[in-house]
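Down below is the structure, laid out as structure tokens.
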Amino acid sequence: ELKKEPFEVEKKDYSSKEETTGMLIGYIMPFMMIISVLMGAFTVAIDVSVGEKERGTLETLITLPISNTQMMISKFFAVSIFALFSVTINLCSFGLMGIYVCNSVKLAKTFVGSFKFTQFIPSILLMIVVIILFSMFVSALCLCVDFTAKSVKEANNLTTPLMLILMTGAGMSVIPGVKLNIFYALIPILNVSLLIKDLFMLKFDPYIIAVVFFSTMIHTTIAIFIMTKVFSSEDILFGEGARSLRIFEKRVNMKEKQIPGVGDIVMVFALMFLISSFAGGYIILKFGFVGYAVTQLIIFLVPVLYAWYMKADFKNVFSLEKPGVKEMVGVLFFVSGSYIVNTLLVSGLYNILPSISVDNESLSQIVGGGGFIPSLFVIGIMPAIAEEAAFRGFLYGTLKNKKIPIFATCVITALVFAAYHMNLLQFIYVTVMGLIMSYMIYNSKSIFVTAFFHLINNSFSVFLEYNKDFVQKVPFFAQDRFELKDVFIYLTIGIVLLLMGFLISDNKMGLFAKKKKHQN
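Right under this line is the structure:
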């Protein structure tokens, strides 16, 4: 008699009791910790911000002989302490419940068995540190949102989307296949959730842990900076509150040719980053090359449709001026110089941190998966339109119309553009590109100039990906490492090209500026 199965499969768990227990805790702890932080910060943040407005005591506090920054920081620490207090209470109750269950329920003893609690001490200590940073991040976010509200009811409505984002980030840690890597380590909320899960599963990757801590510190610093600016702005503090967000008004009641406000920027980019972080990542993983195109389309539609809905001054906000010939010629020098400088920078980073080279493999897979012409369209043309509309268009165009120094406007635009890429390697060299493009749109007043720069830069990367023979023939592109002598030579060439671009295109100090002044 023949057996129905050619061989028998026996399942055996080789994991230790500590790993089994850690896996169970790791699925519960991230969500509990993140929600505890939010619940602790939520109510207190509303009371010390918009609650002060309703009681009429905020104006009195501002008259005190202390700076606005000092007052804001004191409110911030109060909210952070209550958030940490909420975490402590929940952590203690969770620990007591675990002890009770293990000692009282026979099934728990059978499943978990005896394990060494001391193995979880490093996990708990690291979690405490990251939760302290995360509590500061959430507290700053809550205060930023609440200070834009006019009433407590309005603050509750505005905080609801923030709660959904936090719960979504916490919940994604339990989705099968979502594992902590360099990409996820840079995404706020999700990185903390996945790190806590890994810590209790006794997975300790020093590099990944360092990236999570570093990125969380950056997110927290940015949130605190924005929080202090919001508190220092009387237009936001004592203005129309959330009603300054045009999305809450009916389109028929809006004035023609409006300029978006800071609240509009926050709304648009919160939507964009939410889509890029969660939905965008899933779309790309699911549909690959086509998913990347869909993500670019979404990035384009969010700011453009928002501007259309609020009847914004498109020509002013999106810098739709006709570009000059010399600015377009300058682009060729800028893109050549920046490509050389960034190539040297990336090569140096590879040597210092070899593991970050993995970060760029996903882009190469996307580029190599669609064919040359489709890749040229999706990687070259679409970002040149979509990302420019969002960053050098909506973001820069709004900030330039506010009482913000142009240097700060350029730096903020460059940093947000780099942060959008959610990649440690790209963040560094995209910041350099972002600063160059910010200068270019400031000088030319035309988004077509930066779109041309973006198009050439991305298209050249696609060309190199599909022409390996050409890469091998040119020493500069074929080298993985550069000798010190080569670095000096190429860096000099790159800087000279950037200076040539500046001298050709600059409208105040360039070669053609004097001639134009003389003619006038």
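Per my numbering: the sequence shown = residues 19 to 538. Here a beta-carbon is modelled for each residue, glycine too, at the ideal position from N, C-alpha and C. These numbers come from a predicted model, not from an experiment.
> Near F112, what residues of its chain come up, given a Cβ to Cβ distance below 7 Å and the 5 sequence neighbours on each side ignored?
Replying inline: Indexing the sequence shown from 1 puts residue 112 at position 94. Closer than 7 Å at Cβ, skipping near neighbours: M50.
> Using a Cβ-Cβ cut-off of 8 Å (strictly less than) and excluding sequence neighbours within five positions of M235, which residues of its own chain qualify?
Replying inline: Numbered from its first residue, the sequence shown carries residue 235 at position 217. Correct list, in chain order: L151.
>> Pairs of beta-carbons, one from the region 463-482 and one from the region 344-356, closer than 8 Å: are there three or more?
In response: yes
> Which runs of the alpha helix (DSSP H), 4 residues or longer, sit entirely within the region 299-350?
Replying inline: 299-305, 307-327 and 332-335
> Going by DSSP, which residues form a beta bridge with S464?
Replying inline: In the sequence shown, counting from the first residue as 1, residue 464 sits at position 446. Note: S464 sits in a beta bridge opposite L338.
>> According to DSSP, simplified to helix, strand and coil, what is Q276?
In response: On the sequence shown, position 258 is the one that residue 276 refers to. If DSSP states are grouped into helix, strand and coil, Q276 belongs with the strands.
> Which class does S477 belong to by DSSP, given the choice of helix, strand or coil?
Replying inline: The count along the sequence shown starts at 1 and reaches residue 477 at position 459. Of the three classes helix, strand and coil, the one that applies to S477 here is helix, per DSSP.
> Measuring CB to CB, does R269 end up less than 7 Å from Y324?
Replying inline: Numbered from its first residue, the sequence shown carries residue 269 at position 251. Numbered from its first residue, the sequence shown carries residue 324 at position 306. Contact flag unset, no.
>> In whole angstroms, give me the CA-to-CA distance for Q4 and P206.
In response: The displayed coordinates of the chain run from 19 to 538. Any statement about residue 4 would go beyond what the structure contains.
> Which term fits S92, buried or exposed, when burial requires 16 or more other beta carbons within 10 angstroms of its beta carbon?
Replying inline: Taking the sequence shown and counting its residues from 1, the one referred to as residue 92 is at position 74. When all chains shown are included, S92 counts as exposed.
>> Given this structure, state the Cα-to-Cα distance separating S479 from L367, to the nearest angstrom.
In response: Taking the sequence shown and counting its residues from 1, one reaches residue 479 at position 461. Taking the sequence shown and counting its residues from 1, one reaches residue 367 at position 349. Straight-line Cα distance between these residues: approximately 19 Å.
> If you follow the alpha helix (DSSP H) that F152 is part of, which residue opens it and which one closes it?
Replying inline: One-based indexing of the sequence shown puts residue 152 at position 134. Unbroken alpha helix (DSSP H) run through F152: I139 to F165.
>> Given this structure, state the Cα-to-Cα distance separating L338 from F218, to the nearest angstrom.
In response: The sequence position of residue 338 within the sequence shown is 320, counting from 1. The sequence position of residue 218 within the sequence shown is 200, counting from 1. Their Cα atoms are separated by approximately 53 Å.
>> On the criterion of 16 or more Cβ atoms from any shown chain inside 10 Å, does T510 qualify as buried, or is it exposed?
In response: Within the sequence shown, residue 510 is the residue found at index 492, counting from 1. T510 should be labelled exposed.
> Between E405 and I465, is the Cβ-Cβ spacing less than 7 Å?
Replying inline: Here residue 405 is taken as the residue at index 387 of the sequence shown, counted from 1. Here residue 465 is taken as the residue at index 447 of the sequence shown, counted from 1. No, they are not a contact pair.
> Taking just the CA atoms, how far does V396 sit from A311?
Replying inline: As a position in the sequence shown, residue 311 is number 293, starting the count at 1. As a position in the sequence shown, residue 396 is number 378, starting the count at 1. Rounded to the nearest angstrom, the two C-alpha atoms are 6 Å apart.
> Roughly how many angstroms lie between the CA atoms of Y508 and V359, to the nearest whole one?
Replying inline: Within the sequence shown, residue 508 is the residue found at index 490, counting from 1. Within the sequence shown, residue 359 is the residue found at index 341, counting from 1. For Y508 and V359, the distance between alpha carbons rounds to 8 Å.
>> Quick check on the DSSP output: what are the complete alpha helix (DSSP H) runs of length 4 or more inside the region 394-438, in order along the chain?
In response: 400-406, 414-417 and 424-438
>> As a quick exercise: from I242, D223 and D331, pick the residue whose alpha carbon is nearest that of E274.
In response: Residue numbering aside, residue 274 sits at position 256 when the sequence shown is read from its first letter. Per the Cα distances, D331.
>> By alpha-carbon positions, which one of A167, I227, V349 and V196 ends up nearest to L521?
In response: On the sequence shown, residue 521 is found 503 positions in, with the first residue counted as 1. If we check each option's Cα against that of L521, V349 comes out closest.
> Which residues in the same chain as T238 place their Cβ atom closer than 7 Å to its Cβ, once the five residues preceding and following it in sequence are excluded?
Replying inline: As a first step, residue 238 must be located in the sequence shown, where it is residue number 220. Excluding sequence neighbours, T238 sits near L151, M154, F155 and A158.
> With 16 as the cutoff for other CB atoms within 10 Å, does K486 come out buried or exposed?
Replying inline: If you number the sequence shown from 1, residue 486 lands on position 468. Exposed, by the Cβ-count rule.
>> DSSP three-state label for N538, please.
In response: Here residue 538 refers to the residue found at position 520 when the sequence shown is read from its first residue. Below a pLDDT of 50, predicted positions are generally treated as unreliable, and N538, at 39, falls in that range; the measurement from the model is reported next regardless. Of the three classes helix, strand and coil, the one that applies to N538 here is coil, per DSSP.
>> Here's a check: name, in chain order, each residue in its chain whose Cβ is nearer than 8 Å to the Cβ of I424, leaving out the five neighbours to either side.
In response: Stepping through the sequence shown from its first residue, residue 424 is reached at position 406. Cβ within range, chain order: K418 and Y460.
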